[in-house]
Amino acid sequence: MPRKRSIRRITRGLRFRLTVAFALFFALLFIGVAALFRARLKKELNDQARATLDQRWAAVKGYLRIERNPSTNREEAYWYFDATDTDENWIVTSIHQVYLITDQNGNVLWGDTEKGEVLQCSPIYHDMGVDPPALIRDRVRQAVEWAQHQPPPGKVFWTERRDSQGAPYLIRAGIVLGEFKHDPYYVALGFPLAENRKILAQFTWIYIIVIPGALILGSVLGWFMAGRALMPVLAVAQAAQRISGSNLSLRIPTRRAGDELDYLILTFNRMIERLEASFQQMRQFSTDVSHELRTPITAIRGQLEVALFTAKSTDHYREAMFNALQDIDRLSQIVRALLLLSQAESGQLVLQKLPLNLSDVVRDLVEQFQIPADAANVRLAADLPTECAVQADRVQLERMITNLLSNAIKFTPEGGNVNVSVRSLPDCAEIVVEDSGRGIPSEHLPHIFERFYRVPGTAPHPDEGLGLGLSFVAWIVKAHGGRIDVDSTSGKGTRFTIKLPAAGVASDAAELTGQPVA
Ligand code: ADP
Numbered sequence: 066m067p068r069k070r071s072i073r074r075i076t077r078g079l080r081f082r083l084t085v086a087f088a089l090f091f092a093l094l095f096i097g098v099a100a101l102f103r104a105r106l107k108k109e110l111n112d113q114a115r116a117t118l119d120q121r122w123a124a125v126k127g128y129l130r131i132e133r134n135p136s137t138n139r140e141e142a143y144w145y146f147d148a149t150d151t152d153e154n155w156i157v158t159s160i161h162q163v164y165l166i167t168d169q170n171g172n173v174l175w176g177d178t179e180k181g182e183v184l185q186c187s188p189i190y191h192d193m194g195v196d197p198p199a200l201i202r203d204r205v206r207q208a209v210e211w212a213q214h215q216p217p218p219g220k221v222f223w224t225e226r227r228d229s230q231g232a233p234y235l236i237r238a239g240i241v242l243g244e245f246k247h248d249p250y251y252v253a254l255g256f257p258l259a260e261n262r263k264i265l266a267q268f269t270w271i272y273i274i275v276i277p278g279a280l281i282l283g284s285v286l287g288w289f290m291a292g293r294a295l296m297p298v299l300a301v302a303q304a305a306q307r308i309s310g311s312n313l314s315l316r317i318p319t320r321r322a323g324d325e326l327d328y329l330i331l332t333f334n335r336m337i338e339r340l341e342a343s344f345q346q347m348r349q350f351s352t353d354v355s356h357e358l359r360t361p362i363t364a365i366r367g368q369l370e371v372a373l374f375t376a377k378s379t380d381h382y383r384e385a386m387f388n389a390l391q392d393i394d395r396l397s398q399i400v401r402a403l404l405l406l407s408q409a410e411s412g413q414l415v416l417q418k419l420p421l422n423l424s425d426v427v428r429d430l431v432e433q434f435q436i437p438a439d440a441a442n443v444r445l446a447a448d449l450p451t452e453c454a455v456q457a458d459r460v461q462l463e464r465m466i467t468n469l470l471s472n473a474i475k476f477t478p479e480g481g482n483v484n485v486s487v488r489s490l491p492d493c494a495e496i497v498v499e500d501s502g503r504g505i506p507s508e509h510l511p512h513i514f515e516r517f518y519r520v521p522g523t524a525p526h527p528d529e530g531l532g533l534g535l536s537f538v539a540w541i542v543k544a545h546g547g548r549i550d551v552d553s554t555s556g557k558g559t560r561f562t563i564k565l566p567a568a569g570v571a572s573d574a575a576e577l578t579g580q581p582v583a
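Per the numbering used here, the very first residue in the sequence shown carries number 66; after that it's consecutive.
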């Protein structure tokens with residue numbers, strides 16, 4: 066069973082598949098090339114055979130005479146050549162190996178009767194069988210017709226025949242004219258193809274032996290090359306395996322080859338970096354949450370214990386319970402805010418974006434904030450156009466402006482100013498909330514959008530803020546596809562500038578200047 070599994074693992078591996086693909090490719094290539102070569106060689110050999118027969122045909126025309134033999138009173142074939150000339154002798158001998166001469170009705174001619182040779186049909190041709198008279202008659206007729214309309218060379222009939230042993234011959238047949246050039250005679254010459262076939266077969270065998278060898282060699286090479294190419298991938302996988310929640314600082318070293326694998330490693334490292342950052346944020350968040358919850362819980366416990374052990378009257382008990390209730394309120398406030406924020410960030414809070422007039426929304430809120438502003442002795446003013454159209458979720462928009470306004474009033478000392486303005490720009494609506502308060506030191510600016518982040522030390526009412534307000538603001542701006550900028554000078558004031566896409570302008574990009582929401 067385990068052996069079976071390990072075989073399956075190998076066959077599923079990329080290395081195996083690459084090798085198979087490699088081998089398959091080479092197999093097809095080799096077979097294709099071999100087939101092409103074989104076809105080419107076959108044609109070449111065939112052409113050579115035809116050329117040889119053409120040459121012999123020309124020789125036939127030079128050496129053959131068909132004349133009437135006065136003593137036998139029949140048309141006979143005579144071969145006129147110099148038997149002492151080796152070339153002539155050789156060519157006529159070659160012709161005589163496979164040949165046939167008949168009259169136009171298919172009767173085999175006699176010839177050179179005085180030399181002892183009788184029928185003009187070589188033993189090999191005889192063995193193959195003399196062409197049937199009907200075929201000869203038809204061919205002669207075709208050739209004669211052809212000669213009447215077409216210039217030489219005359220009509221040629223190419224066929225392939227086999228002797229009784231199965232040996233193949235290429236046959237070239239046609240007509241030659243006899244004495245006085247009027248009677249056509251049928252002549253067929255043969256060329257043994259056995260040698261050509263042998264060459265072809267040898268070639269095929271060589272390929273049959275060579276291809277598997279080359280394939281085995283190619284596969285070994287492919288296996289080795291695929292292994293080498295995949296080595297860095299394995300290294301990446303092993304490094305990735307070593308990375309866990311507790312050692313996210315591990316990075317895979319790049320090979321500086323500038324190739325796809327380096328790109329993969331780089332992408333992987335970047336992903337781990339992001340993961341590390343989110344892990345860090347999560348850890349920070351849990352620490353913050355437990356810290357935030359511990360303070361009111363400790364306070365409640367303290368108050369109740371004091372009341373239990375030291376309270377002497379109902380009033381004392383009542384006071385302790387009242388204080389405890391206040392802390393419980395704060396606890397539930399934190400829990401509610403966290404729940405809402407996590408819902409928002411996990412996408413469960415769906416925005417109901419509708420076209421609305423931003424000026425109206427801001428005007429209502431500024432009116433509501435006049436009372437706390439007056440109480441804090443802060444002058445709250447607004448500069449609003451009559452119309453500023455946006456596509457937004459009213460509840461979230463109000464939450465955003467409320468958070469900014471309450472911060473501005475909270476962090477502005479008595480006698481200070483808070484100004485809110487709305488402007489309609491070509492493709493966005495701009496809201497500016499500006500105060501002349503204590504400002505935010507520049508080193509804290511990048512963190513103010515983080516959850517639970519409060520600029521330490523100088524909070525006017527240390528118990529009030531949860532450090533979650535700006536996280537909400539940042540999320541709301543992001544969810545509307547807008548951007549928020551903060552500009553602050555310590556001791557002089559702070560200005561938050563928010564740009565929301567105007568109604569009808571599609572935007573899904575969001576940008577924040579400070580740190581993105583955790
Ligand atoms: P909180 O609920 O505590 O106000 P926020 O997330 O709204 O939390 O703000 C984070 C911190 O940013 C605040 O604790 C405060 O120190 C600082 N801050 C926010 N707005 C202002 C402002 N207008 N002026 C000065 N400091 C501000």
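Think of the CB as a built atom: it goes at the ideal place given N, C-alpha and C, for glycine as much as any other residue.
- Excluding sequence positions up to five before and after His161, its CB lies within less than 7 Å of the CB of Ser187, all in the same chain and listed in chain order.
- Considered as a whole, the segment 394-439 harbours 419-422 as its complete beta strand (DSSP E) runs of no fewer than 3 residues, in chain order.
- Look at Tyr272 here: in three-state DSSP terms it is helix.
- Per DSSP, Ile496 is one residue of the beta strand (DSSP E) stretching across Cys493 to Asp500.
- Placement of the Cβ of Ser536 at a distance of less than 7 Å from at least one heavy atom of the ligand ADP is found.
- Per DSSP, Ala447 is one residue of the beta strand (DSSP E) stretching across Arg444 to Asp448.
- In this structure, Gly287 places its C-beta atom within 8 Å of the C-beta atom of Thr84.
- Within its own chain, the residues whose Cβ lies closer than 6 Å to the Cβ of Pro361, once the five positions on either side in sequence are excluded, are Asp392, Arg395 and Leu396, listed in chain order.
- Spatial neighbours of Gly556 in its own chain (CB-CB distance under 8 Å, excluding positions within 5 residues in sequence) are listed in chain order as Arg503 and Gly504.
- Taking all protein chains shown into account, Arg204 has 16 or more neighbouring C-beta atoms within 10 Å of its C-beta and is therefore buried.
- Distance check between Ala238 and each of Tyr251, Arg227 and Val415 places Tyr251 closest, using alpha-carbon atoms only.
- In this structure Val551 does not touch Met465 by the C-beta definition: roughly 14 Å separates them, more than the 8 Å allowed.
- Taking every protein chain shown into account, the CB of Met336 has fewer than 16 other CB atoms within 10 angstroms, so this residue is exposed.
- For Lys475, the three-state secondary structure derived from DSSP is helix.
- The secondary-structure analysis by DSSP pairs Val455 across a beta bridge with Leu421 and Ala567.
- Per DSSP, reduced to three states, the secondary structure at Leu469 is helical.
- In the three-state reduction of the DSSP assignment, Asn172 falls in the coil class.
- Under the DSSP definition of a beta bridge, Ile75 lacks any partner.
- DSSP places Pro233 within a strand segment (E or B) once states are collapsed to three.
- Measuring C-alpha to C-alpha distances from Leu340 to each of Ser536, Ala389, Val443 and Ser311 identifies Ser311 as the nearest.
- Taking C-beta atoms as the reference points, Arg428 and Asn482 fail to come closer than 8 Å.
- Taking the Cα of Ala279 as reference, the smallest distance to any Cα among Lys475, Pro521, Phe87 and Thr562 is reached at Phe87.
- Our two residues, His509 and Gly530, have alpha carbons roughly 16 Å apart in a direct line.
- The beta carbons of Gly412 and Asn442 sit no closer together than 8 Å.
- Taking non-hydrogen atoms of the ligand ADP into account, the C-beta of Thr467 is found less than 7 Å away from none of them.
- Straight-line measurement puts the Cα of Gly194 at about 22 Å from the Cα of Glu140.
- Where Glu225 is concerned, there is no enclosing alpha helix (DSSP H), although the beta strand (DSSP E) around it starts and stops at Phe222 to Arg227.
- In this chain, Pro217 is not harboured by any beta strand (DSSP E), its DSSP state being neither H nor E.
- For Glu341, the enclosing alpha helix (DSSP H) starts and ends at Glu325 to Thr375.
- When secondary structure is reduced to three states using DSSP, Gly534 falls in the helix class.
- Apart from the 5 residues on each side of it in sequence, Leu490 sits with its Cβ closer than 8 Å to the Cβ of Lys564 and Ala567 in its chain, given in chain order.
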